Ligand SMILES: NC(=O)c1ccc[n+]([C@@H]2O[C@H](COP(=O)([O-])OP(=O)(O)OC[C@H]3O[C@@H](n4cnc5c(N)ncnc54)[C@H](O)[C@@H]3O)[C@@H](O)[C@H]2O)c1
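Numbering (this note's numbering), first residue to last: 1310 to 1538.
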């Protein structure tokens, strides 16, 4: 349906208060645009890339979108993200816990560098858990039957030849999502995850040292849903 012919009430996220972590770039940026297009009352972009985050908020419209600096590895930042959203908009209906990083260098298990692995875990596993924790607390306190979506990865479900720490951290996201969904079901809060395959984003362009078109070509041979969506 064309956007202009949609009534406000037909929009899937009409009136919802939403947060997207990692919303300054890639998948999170697209999610922020989609949430706004689907009628969200507000999309709060939480990221460490301040300039890009502000740009995304401005491109969506500062009446519908705002940027909050938040490093998901820092518990006080996540607490502030959630509290400032509740203070401004009354509640949180949806959070997309999407911020994530790849390993700074590809690691096999035989070469596993614990300092590097801890860094990947601090963002992808613990940082994501902090976002789920504080958003869920706000939903429980506000009696909101909300929705939490985490970005995992195809690497969360398969063994990998390299990027061991990344794969381990994304398996942890599945464990987080499953445990949170069991624990929060009694409050009517849904917790799900999405596992993208390879997509051309700044993350993968940097990883593969290639432009978006080349990255898409590299990943297209692994994708099944060609042209769907
Ligand atoms: N692109 C892919 O092919 C692919 C595949 C599977 C999973 N993923 C996952 O999707 C998510 C988004 O990735 P993307 O490809 O859009 O990458 P991206 O780099 O374009 O976007 C990730 C965003 O997260 C932000 N971020 C990183 N660390 C952060 C932190 N500590 N606190 C707050 N924000 C932080 C970055 O600044 C960036 O804006 C990640 O969790 C990634 O692991 C991506």
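The C-beta atom is built at its ideal place from N, Cα and C for all residues, glycine as well.
Bear in mind that the values here come from a model prediction, so they are computed numbers and not experimental data.
For residue i, the residue or residues it bridges with in DSSP
{"i": "residue 1330", "result": "1355"}
{"i": "residue 1375", "result": "1353"}
{"i": "residue 1499", "result": "1456"}
Cβ-Cβ distance between residue i and residue j below 8 angstroms
{"i": "residue 1330", "j": "residue 1405", "result": "yes"}
{"i": "residue 1373", "j": "residue 1352", "result": "yes"}
{"i": "residue 1465", "j": "residue 1504", "result": "yes"}
{"i": "residue 1357", "j": "residue 1407", "result": "no"}
{"i": "residue 1332", "j": "residue 1340", "result": "yes"}
{"i": "residue 1382", "j": "residue 1436", "result": "yes"}
{"i": "residue 1385", "j": "residue 1425", "result": "no"}
{"i": "residue 1401", "j": "residue 1455", "result": "yes"}
{"i": "residue 1376", "j": "residue 1363", "result": "yes"}
{"i": "residue 1498", "j": "residue 1447", "result": "no"}
{"i": "residue 1461", "j": "residue 1439", "result": "no"}
Helix, strand or coil at residue i [DSSP, three-state]
{"i": "residue 1456", "result": "strand"}
{"i": "residue 1403", "result": "strand"}
{"i": "residue 1487", "result": "helix"}
{"i": "residue 1464", "result": "helix"}
{"i": "residue 1504", "result": "coil"}
{"i": "residue 1533", "result": "coil"}
{"i": "residue 1520", "result": "coil"}
{"i": "residue 1446", "result": "helix"}
{"i": "residue 1474", "result": "helix"}
{"i": "residue 1526", "result": "helix"}
{"i": "residue 1396", "result": "helix"}
{"i": "residue 1365", "result": "helix"}
Residues near residue i by beta carbon distance below 6 angstroms, same chain, minus five either side
{"i": "residue 1526", "result": "none"}
{"i": "residue 1443", "result": "1387, 1388, 1391"}
{"i": "residue 1489", "result": "1441, 1500"}
{"i": "residue 1528", "result": "1507"}
{"i": "residue 1433", "result": "1409, 1478"}
Exposure of residue i, with buried meaning 16 or more beta-carbon neighbours within 10 Å
{"i": "residue 1411", "result": "buried"}
{"i": "residue 1310", "result": "Residue placement at residue 1310 cannot be trusted, given a pLDDT of 39 that sits under 50; the coordinates are not used to answer."}
{"i": "residue 1416", "result": "buried"}
{"i": "residue 1452", "result": "exposed"}
{"i": "residue 1313", "result": "With a pLDDT of 46 at residue 1313, under the threshold of 50, the modelled position of that residue is not reliable, and no figure is offered here."}
{"i": "residue 1409", "result": "buried"}
{"i": "residue 1472", "result": "buried"}
{"i": "residue 1345", "result": "buried"}
{"i": "residue 1458", "result": "buried"}
Close beta carbons around residue i, own chain, < 7 angstroms, minus the five adjacent residues each side
{"i": "residue 1360", "result": "none"}
{"i": "residue 1366", "result": "1354, 1374, 1375, 1376"}
{"i": "residue 1342", "result": "1369"}
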